[in-house]
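Chains as they are written, first to last, in our numbering: chain A, 78 to 434; chain B, 983 to 1185.
Every residue, glycine too, gets a C-beta built ideally from N, C-alpha and C.
Accompanying notes for the structure given below.
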Amino acid sequence: MEPECKKRKTRAISTFTWELRPVLSDEKLCEVELLEAYAAPIINTKQTSCLIKQLACLYPLNSLPHIKRVRTCREKNTDHALEIIICLLRDLNGTDVPNGEVSLSDLFPEGKADGIGLGEPFHVKIPAYQPLTRPQFEAASQHWPTTFHENKQVTDALQGRLFNAEKRAKMQTFMEKAIEAAKLGKEMGMEPVGAVVVNPATDEIIAVGHDCRNGSNPLLHAVMVCIDLVAYGQGGGVFNHNKYPNCHFKSLESFSDDHVINVGKPLLPSKDHSSTGAIVNGLPYICTGYDLYVSREPCVMCSMALVHSRIRTVFYATSSPDGALGTKYKIHTKKDLNHHYDVFKGLMKEECQLLLS
Amino acid sequence: MEPEPGTGTGTAAAAAAAFRPPERQEQERWMQRALGTAKEALENGEVPVGCLMVYQNEILGQGRNEVNETKNATRHAEMVAIDQVLEWCGQKGRDRAEVFEHTVLYVTVEPCIMCAAALRLLKKLLFLLNLVTDIPLVVFGCQNERFGGCGSVLNIPTDDLQHSGAPFQCIGGYRAEEAVELLKTFYKAENPNAPKSKVRKKQ
Chain A
78 MEPECKKRKT RAISTFTWEL RPVLSDEKLC EVELLEAYAA PIINTKQTSC LIKQLACLYP
138 LNSLPHIKRV RTCREKNTDH ALEIIICLLR DLNGTDVPNG EVSLSDLFPE GKADGIGLGE
198 PFHVKIPAYQ PLTRPQFEAA SQHWPTTFHE NKQVTDALQG RLFNAEKRAK MQTFMEKAIE
258 AAKLGKEMGM EPVGAVVVNP ATDEIIAVGH DCRNGSNPLL HAVMVCIDLV AYGQGGGVFN
318 HNKYPNCHFK SLESFSDDHV INVGKPLLPS KDHSSTGAIV NGLPYICTGY DLYVSREPCV
378 MCSMALVHSR IRTVFYATSS PDGALGTKYK IHTKKDLNHH YDVFKGLMKE ECQLLLS
Chain B
983 MEPEPGTGTG TAAAAAAAFR PPERQEQERW MQRALGTAKE ALENGEVPVG CLMVYQNEIL
1043 GQGRNEVNET KNATRHAEMV AIDQVLEWCG QKGRDRAEVF EHTVLYVTVE PCIMCAAALR
1103 LLKKLLFLLN LVTDIPLVVF GCQNERFGGC GSVLNIPTDD LQHSGAPFQC IGGYRAEEAV
1163 ELLKTFYKAE NPNAPKSKVR KKQ
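Pasting the structure below:
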């Protein structure tokens, strides 16, 4: 098994010219925020558990449950093995601390603690929040040990390892379909943007559409066209797509009997994701569980239309100047909204850039 | 009333000069009708949002939410009304950017992010001609805490989006209590067409 796996990986690198990157929320991408704190060496390690108890009463650090109170000393040639967080700088508000220099007696009000077994306090910076990604965890750990619940999918996504060669080959064929649609639309005088909706559970193409904004309706962007085509497939739909023979959908009757939908199962599981059932009376519900491949980053209108349509994942090639899935906004990660989806960018980036030039 | 023939700029400027922002009383009157359309949506099992698009004292578009009947989640009242105005422009051979520039949308609930972005996109052409007016494009009832694109969640009308049409003005708070009351009635009954939500079960 192992050698085969390795072969695949090398083949993947040589076959694909594009790199896929997740478009994560700002909180997952931001630099680690730090807080000023005081720590001290534990000279007498036998006192450690006693110190932890005392400090938990005196300076509970309730807002920092991710911080490990004690760490092993990093420098080798010292007389102590452990170090402990005493308190945050802001905990000392009101007490006079000249020039930030503190002594143990400043930190331990009379009678509350003996400060037994502690060395001279020193200044440290500790992470203000629990890290959400491995890069954040690694940066945070440089300062002070913290807990971290790693999401393997996110780590893999950030390192470009989430999709294997087989999956990437499939993704490429879907984006090629979108590019083909974009070209056909361009021949009709439209903006060269194409989109494809796929059911990832079966790899069936549900709808293929191109931009129609230069026709009778300036709001018929490729994504809006695809959303309506999916509606047609489900027995609804609004626009007359007869004028655009290269925009088509798969009707519900033509689905295999065992039409499967991934019910609210995002690629990058996280607390953000709302999961909604995909099947109402045995029928699929709008775009729930489906993936969208689109040649360029959707605008605000289209990105929000995809929230309303409950899309699962969006793969796009190139960024747009006012794009709402990474450039100007990240509507897919916006906390106040009731549905969130995963977004990856860079799929066949060069080919799609050529479309626009 | 007699715009100079010739350059598009000239006719647009003439139309802009002829346009006056509606009086408060008139706005109340239109909002009353929009509320009627919202009630119609409620009776049809749709989210009770109703709207009107008024151009020179004439209703060019009237919409209510049609998401469930079209199985298309983008069929909000505003999008339905916008399509009617576009069709009117097509039939009358009118320049749609000029028409939208002088059309006021009366809607019972603050437009969502998608609809606000759509309204911006429709103002594109005149913006390029530097003919932005201070006239409100949108007059709405209650706020939309869940999806609102005119201040509640995002502020699409005035955000810096140079490639997404023109900024526009909004006024909220017209008969807001009645609009909220309709929404409460709807959500009490729960949307029979929406998929079962795990979140909702917990509540």
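Does the beta-carbon distance from residue i to residue j come in below 9 Å?
i, j, result
"Ala272/A", "Ala299/A", "yes"
"Phe185/A", "Asp368/A", "no"
"Gly1032/B", "Ala1016/B", "yes"
"Leu128/A", "Gly194/A", "yes"
"Arg1128/B", "Val1135/B", "yes"
"Ala1059/B", "Met381/A", "no"
"Tyr1088/B", "Gln1038/B", "no"
"Met1035/B", "Thr1090/B", "no"
"Glu113/A", "Lys202/A", "yes"
"Met378/A", "Leu296/A", "yes"
"Phe1082/B", "Leu1119/B", "yes"
"Ala401/A", "Trp95/A", "no"
"Leu1042/B", "Leu1164/B", "no"
Is the Cβ of residue i closer than 9 Å to any Cβ of chain B?
i, result
"Ile256/A", "no"
"Leu369/A", "no"
"Gln430/A", "no"
"Asn276/A", "no"
"Ile408/A", "yes"
"Leu414/A", "yes"
"Lys320/A", "no"
"Ile144/A", "no"
"Arg148/A", "no"
"Asn294/A", "yes"
"Gly435/A", "Outside the modelled stretch of chain A, which goes from 78 to 434, sits residue 435/A, for which no answer is possible."
"Ala394/A", "no"
"Ala308/A", "yes"
"Gly312/A", "yes"
"Pro186/A", "no"
Is the shortest distance between the beta-carbon of residue i and the beta-carbons of chain A less than 9 Å?
i, result
"Cys1094/B", "yes"
"Arg1046/B", "no"
"Glu1083/B", "no"
"Gly1072/B", "yes"
"Gln1007/B", "no"
"Val1089/B", "no"
"Lys1053/B", "yes"
"Leu1110/B", "Bear in mind that the predicted position of Leu1110/B carries a pLDDT of just 49, short of 50, making it too unreliable to give a figure here."
"Asp1141/B", "yes"
"Ala1098/B", "yes"
So, for residue i: in the same chain, excluding its five sequence neighbours on each side, which residues have a beta-carbon less than 8 Å away from its beta-carbon?
i, result
"Val150/A", "Reading the sequence as shown, one finds Cys at residue 150/A and not Val. Correct list, in chain order: Pro118, His157, Ala158, Leu159, Glu160."
"Asp419/A", "Pro99, Pro343, Leu344, Leu345, Arg389, Thr390, Val391, His409"
Looking at residue i and the ligand ATP, is the gap between the Cβ and the nearest heavy atom below 8 Å?
i, result
"Leu1103/B", "Summarising the ligand content, the structure contains no ligands, and the ligand ATP is consequently not present."
Below 6 Å CB to CB, which residues in the same chain sit around residue i once its five sequence neighbours on both sides are set aside?
i, result
"Met1096/B", "none"
"Phe49/A", "Lying outside 78 to 434, the shown extent of chain A, residue 49/A is not represented and no answer is given."
"Gly1131/B", "Pro1093, Cys1094, Ile1095, Ala1098, Ile1138"
"Thr1140/B", "Pro1149"
"Gly1045/B", "Cys1033, Ala1059, Val1062, Ala1063"
"Gln213/A", "Val109"
What residue range does the beta strand (DSSP E) around residue i cover?
i, result
"Leu165/A", "159–165"
"Leu1087/B", "1085–1091"
"Val1036/B", "1032–1037"
"Gln1044/B", "1040–1046"
"Val285/A", "281–287"
"Leu112/A", "111–119"
Can you tell me where the alpha helix (DSSP H) with residue i in it begins and where it stops?
i, result
"Thr390/A", "Taken as a continuous stretch (DSSP letters only), Thr390/A belongs to no alpha helix (DSSP H), being part of the beta strand (DSSP E) at 390–395."
"Asn276/A", "First-last for Asn276/A: 271–276, but that is the beta strand (DSSP E), not the alpha helix (DSSP H)."
"Ser126/A", "125–135"
"Gly262/A", "242–264"
"Glu1163/B", "1158–1171"
"Asp1065/B", "1059–1074"
Figure out for me which residue from the options has the closest Cα to the Cα of residue i.
i, options, result
"Val275/A", "Ala216/A, Lys123/A, Cys364/A, Gly312/A", "Cys364/A"
"Asp1077/B", "Ile408/A, Gln131/A, Asn294/A", "Asn294/A"
"Gly1123/B", "Gln1144/B, Arg1102/B, Cys1152/B, Lys1105/B", "Cys1152/B"
"Val270/A", "Ala259/A, Pro99/A, Tyr136/A, Asn228/A", "Ala259/A"
"Pro277/A", "Gly366/A, Gln213/A, Pro99/A", "Gly366/A"
"Ala1148/B", "Glu1080/B, Glu1163/B, Arg1011/B", "Glu1080/B"
"Phe93/A", "Ala234/A, Ala205/A, Glu427/A", "Glu427/A"
"Pro398/A", "Asn415/A, Leu433/A, His416/A", "Leu433/A"
"Gly292/A", "Tyr406/A, Asp280/A, Ala284/A, Gly262/A", "Gly262/A"
"Gln219/A", "Arg148/A, Ala255/A, Thr232/A", "Arg148/A"
"Ile56/A", "Met267/A, Phe326/A, Gly403/A", "The structure shown has nothing for residue 56/A, since chain A only spans 78 to 434."
For residue i, which residues of its own chain have a beta-carbon under 7 Å away from its beta-carbon, when the five flanking residues on both sides are left out?
i, result
"Ile304/A", "Cys364, Ala382, Ser386"
"Thr122/A", "Ala158, Leu159"
For residue i, which residues in chain C fall below 8 Å Cβ to Cβ?
i, result
"Thr1056/B", "In summary, chain C is missing from the structure at hand, where the protein chains are A and B."
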